[in-house]
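Peer 1:
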Amino acid sequence: MNCDTASARLRLDRALDRLTITFRGTTTHPDEVQCTCHWGSEEELALLKVPEAELAPDLLRRTWDAPDWTDHGSVLRRILPQFARALTLGDVKPMFGMYEVGKSFARGHWQQWPQPQSLAVQEFLEAWWAHTLVEPEPAVPAHELLALCVEASCTLTPWLGTWEALDHRVADRHLAEAAAHWEYELLGDELPWDGWDTDEDALRVELAAWLVRHAPARLRRQDAPEELLHRIRLIGLTGPARWEDPHWPDRRY
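Quick note on our numbering: the sequence shown kicks off at 1 and runs consecutively.
1) Near Glu144, what residues of its chain come up, given a Cβ to Cβ distance below 7 Å and the 5 sequence neighbours on each side ignored?
2) Which residue from Trp64, Glu137, Glu135, Val205 puts its Cα closest to that of Lys103?
3) CA-CA distance, Leu234 and Arg61?
4) Under 7 Å Cβ to Cβ from Ala106, same chain only, skipping five residues before and after it: list those, please.
5) How is the alpha helix (DSSP H) around Leu47 delimited, first residue to last?
6) In terms of residue numbering, what span does the alpha helix (DSSP H) encompassing Gly161 cover?
7) Roughly how many angstroms separate the alpha carbons of Ala171 and Trp248, rounded to a whole number?
8) Please classify Glu100 as buried or exposed, where buried requires at least 16 neighbouring CB atoms within 10 angstroms.
9) Between which two residues does the alpha helix (DSSP H) holding Trp128 run?
10) Within 10 Å of its beta-carbon, does His174 have 16 or more other beta-carbons around it, so buried, or fewer, so exposed?
11) Shortest alpha-carbon distance to Val92 belongs to which of Asp58, Val75, Ala66?
12) What are the uninterrupted segments assigned as alpha helix (DSSP H) that are 4 or more residues long and contained completely in the region 210-240, given in chain order?
13) Taking the straight line between their C-alpha atoms, what separation do you get for Asp201 and Asp189?
14) Could you check whether Ser74 and Thr22 sit closer than 8 Å to each other, using their CB atoms as the reference points?
15) Does the Cβ of Gln82 have 16 or more other Cβ atoms within 10 Å, making it buried, or fewer, making it exposed?
16) In angstroms, rounded to a whole number, what distance separates the CA positions of Glu84 and Ala241?
17) Check this for me: beta carbons of Ala176 and Ala224, under 8 Å apart or not?
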């Protein structure tokens, strides 16, 4: 582990500890209810009203994933210490993508919580992002975590800013991998994940412009395939200039 990775890991560990301290003793609202047919049993629901009781992985999944809590914020606060550690270990496996986790954060309206709580969540997300960018084999790929952070915070700009400011070979490699995952949707003028309560067109335009402006030089340092570089170039074009280009891919949109 090099110095950059070690420092980022220490920051993440401290952020996780801060979450544990900040949300220690929290529970769901005592009157919170859930559907016993589709969510789980009364006994499982009762666990959420007991502070710091460890949840089985499947119960944790059903809890963060459920969209219909009366007070999603209190549920999120209850599970955050365990949930955050599971996330950073790669133990959370959403059905479609990590953006689903970001939606769960957004439903909890964490940015409106009391400042010590909202700052603890913000530092966790920022520390996890910073660590992922310099970790050669992150538990969650950078492009997946970016979607999570964007959906959780309803903004793309600061996360891209951190990536852009980081002159690091591992961050460049993650950028090459992300570009390869994004180019299909961006060439089809689609955001590479399903947004929630966000302006998807604005996010897509910002991501595309950033990729076209910022990625090529860094990808060349990674010896990225020329075809990928051409597709990033095409993302910056519109209309016939895009689809009549000799490097326009032969595929349906």
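No residue lacks a Cβ here, since even glycine has one placed at the ideal position from N, Cα and C.
Given the structure is predicted, the values throughout are model-derived calculations rather than measurements.
Peer 2: Quick answer:
1) Gly97, Met98
2) Trp64
3) 39 Å
4) Cβ within range, chain order: Glu151, Ala152, Cys154, Trp196, Asp197.
5) 42-47
6) Judged by DSSP secondary structure, Gly161 falls within the alpha helix (DSSP H) whose first and last residues are 157-165.
7) 27 Å
8) Around the beta carbon of Glu100, 16 or more other beta carbons lie within 10 angstroms, which makes this residue buried.
9) 115-134
10) buried
11) Asp58
12) 226-235
13) 8 Å
14) Between Thr22 and Ser74, the C-beta gap is not smaller than 8 Å, which leaves the two residues out of contact.
15) Looking at its Cβ environment, which holds 16 or more other Cβ atoms inside 10 Å, Gln82 is buried.
16) Reading the sequence as shown, one finds Ala at residue 84 and not Glu. Taking the straight line joining both Cα atoms gives about 45 Å.
17) yes
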